[in-house]
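Asks: Here the sequence shown stands for residues 185 to 330, where the numbers follow the numbering used here. In this text, a Cβ means the ideal position worked out from N, Cα and C, and glycines have one as well.
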Amino acid sequence: MVGALMQRTLIIFKPDCMDQRHVGNVIDRFEQAGFAIIGCKMTLLTPALLREHYAHVADRPFYPHLEAFMGARPVLIMALRGEQVVQRVRDLLGPTDSRKAAKGTIRGDFGTDVTVNVVHASDSEVNAAIELARFFRPGELYDVKS
Ligand code: IDP
Ligand code: MG
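Structure follows, in structure tokens:
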């Protein structure tokens, strides 16, 4: 499609999403929106990796709680590709605080609070590139056309 803005974004299915088995529901929403899965792995996020990934909040009082939550169990990490996928996934998630997220959004339907909020998604195209490089080697992403 001429002029279509194809992008990639980085998704983390957070420990609450894994424990409560909402992964399938969340992937279904991404697939229904037309996004393609171009990479996937499962990993236990280390304190060092979390401090890097969450550097923008690492000096906030809640950071130790966030690090403990995100490192509590192995999680699925996924790369998605699609038109305007960065902002459109953020729209599907809703705001950071699940309690303020509208019903029909992923956080509004499955989230608990401001920390325990189901899914991480990159917030800009620049950060998506940085985050994808943090979690995937180039050969681990498959830029399928569909
Ligand atoms: P985002 O995930 O909606 O992009 P960020 O501001 O990037 O939100 O914060 C990263 C993560 O840190 C959030 O998803 C949430 O888990 C946690 N977090 C953000 N703000 C707070 C807070 O005020 N209290 C507790 N945890 C927070
Ligand atoms: Mg963020």
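Could you check which residue in Gly-255, Phe-197 and Arg-244 has the C-alpha nearest to that of Leu-377?
Replies: Here the chain covers residues 185 to 330 and nothing more, so residue 377 does not appear.
Asks: Tell me, which residues are paired with Thr-280 by DSSP?
Replies: Taking the sequence shown and counting its residues from 1, the one referred to as residue 280 is at position 96. DSSP lists no partner for Thr-280.
Asks: Excluding the 5 residues flanking Ala-242 on each side, which residues of the same chain have their C-beta closer than 7 angstroms to its C-beta?
Replies: Reading the sequence shown from its first residue, position 58 is the one you call residue 242. Taken in chain order, the residues that qualify are Arg-235.
Asks: How big is the Cα-Cα spacing for Val-328 and Ile-290?
Replies: As a first step, residue 328 must be located in the sequence shown, where it is residue number 144. As a first step, residue 290 must be located in the sequence shown, where it is residue number 106. Roughly 25 angstroms separates the two Cα atoms.
Asks: CA-CA distance, Pro-199 and Pro-245?
Replies: Position 15 of the sequence shown, counted from the first residue, corresponds to residue 199. Position 61 of the sequence shown, counted from the first residue, corresponds to residue 245. Looking at the two C-alpha atoms, the distance is approximately 21 angstroms.
Asks: Between the beta-carbon of Ile-314 and the beta-carbon of Met-262, is there less than 9 angstroms?
Replies: For the purposes of this step, residue 314 is taken as residue 130 along the sequence shown, with counting starting at 1. For the purposes of this step, residue 262 is taken as residue 78 along the sequence shown, with counting starting at 1. Contact flag unset, no.
Asks: Among residues of its own chain, excluding the 5 on either side of Leu-325, which ones have a beta-carbon nearer than 6 angstroms to its beta-carbon?
Replies: Stepping through the sequence shown from its first residue, residue 325 is reached at position 141. The answer, listed in chain order, is Ile-222, Gly-223 and Ala-263.
Asks: Just how far apart, CA to CA, sit Tyr-247 and Ala-232?
Replies: The sequence position of residue 247 within the sequence shown is 63, counting from 1. The sequence position of residue 232 within the sequence shown is 48, counting from 1. Cα to Cα, the separation comes out at about 13 angstroms.
Asks: Report yes if the CB atom of Gln-191 is closer than 9 angstroms to the CB atom of Arg-265, and no otherwise.
Replies: In the sequence shown, the residue the question calls residue 191 occupies position 7. In the sequence shown, the residue the question calls residue 265 occupies position 81. Contact flag set, yes.
Asks: Over the uninterrupted beta strand (DSSP E) stretch that includes Leu-325, give me the two end residues.
Replies: Walking along the sequence shown from the start, residue 325 turns up at place 141. Premise fails: Leu-325 is in no beta strand (DSSP E) and is neither H nor E.
Asks: Residues in the same chain with beta-carbon distance under 6 angstroms from Lys-225, minus the five sequence neighbours each way, listed in chain order, please.
Replies: Here the question's residue 225 lines up with position 41 in the sequence shown. Here the set comprises Ile-261.
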